[in-house]
Amino acid sequence: MDLKESCGSEESHESSSLHPSSWQAFSHTSTLHGLRFIFPYGRPTPRRLLWAAALLACLGLLALESAERLAYFLSYPHVTSVDAVMSGSLVFPAVTVCNLNAYRFSRLSRNDLYHAGELLALLDVHLRIPEPQLAEPHVLAFLTDKANFTAYRPKPFSMREFTERVGHDLKEMMLYCRYQGQESALGPLLCIYLDIFVLPSTGCFLVIVYCNHTLCSCPATVFFISSIG
């Protein structure tokens, strides 16, 4: 009886030693190079220690290099390269002159307020002055007079005509122009001609300067603009 039990225990021990563990099964199916030599089938050998040391060294180098690259990325490195080229003259650019307010408040009529008062944020949807206590005295007086639509019969309204009539005039916006060291009004400066294009619905002006019908070259150009309400 004792002999059979001892034989059975030896057989179970041998069978358990031959059955691979979960780590051994994983290491032999993994694509990580060298892992199957660290968890081999059978008894451990010195080769296992060498492979384990090599794998740990590689993982340590990988972690060190990754940490160094991450720290370099978080430092946000950048390189700025500037090339300065000196030029004796520059071609005069196309200058766009705009006013902060696209329309002149003083040019508004009662018909303008009736059709575009809400668009200009001067009246609400019911054609009434919104929050009159916050308006400036002269603005409130103007709106109180112009926004009185009692028995008012509106006239046809054209947005293009409104923009051209209420929009800003470049002659009133530009005080003077200095070109190539010479000062002048909006008229021609010797051989200089100004082409002014009105940009509709923006209250802006596109200014192009020509010298003898060709684009001018100049060392500097300065415009002085005044804002007209």
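Under UniProt numbering, the residues of the sequence shown are numbered 1 to 229, in order. Every residue, glycine too, gets a C-beta built ideally from N, C-alpha and C.
Beta-ladder partner(s) of residue i, from DSSP
{"i": "Cys-98", "result": "Cys-204"}
{"i": "Tyr-103", "result": "Gly-167"}
Nearest-angstrom beta carbon gap, residue j and residue i [assumed within contact, 8 Å]
{"i": "Asn-111", "j": "Phe-157", "result": "6 Å"}
{"i": "Arg-47", "j": "Phe-39", "result": "That pair is no contact at about 12 Å."}
{"i": "Asn-99", "j": "Met-173", "result": "6 Å"}
{"i": "Val-125", "j": "Glu-118", "result": "6 Å"}
Residue i, enclosing alpha helix (DSSP H) - first and last residue
{"i": "Gly-60", "result": "46 to 74"}
{"i": "Asn-148", "result": "Asn-148 -> no alpha helix (DSSP H), and no H or E assigned at all."}
{"i": "His-115", "result": "110 to 116"}
{"i": "Phe-157", "result": "Looking at the DSSP string, Phe-157 is not in any alpha helix (DSSP H), and its letter there is neither H nor E."}
{"i": "Phe-37", "result": "35 to 38"}
Residue i vs residue j beta-carbon contact at 8 Å
{"i": "Leu-123", "j": "Val-166", "result": "no"}
{"i": "Leu-55", "j": "Gly-34", "result": "yes"}
{"i": "Leu-206", "j": "Thr-96", "result": "yes"}
{"i": "Ala-116", "j": "Phe-73", "result": "no"}
Segment contact, 8 Å Cβ cut-off, at least three pairs: the segment 100 to 108 with the segment 67 to 85 = no
Decide yes or no for the touch test of the segment 146 to 154 against the segment 111 to 127: beta carbon pairs closer than 8 Å, at least 3 of them.
-> yes
Does the pairing of the segment 53 to 65 with the segment 120 to 130 give three or more beta-carbon distances under 8 Å?
-> no
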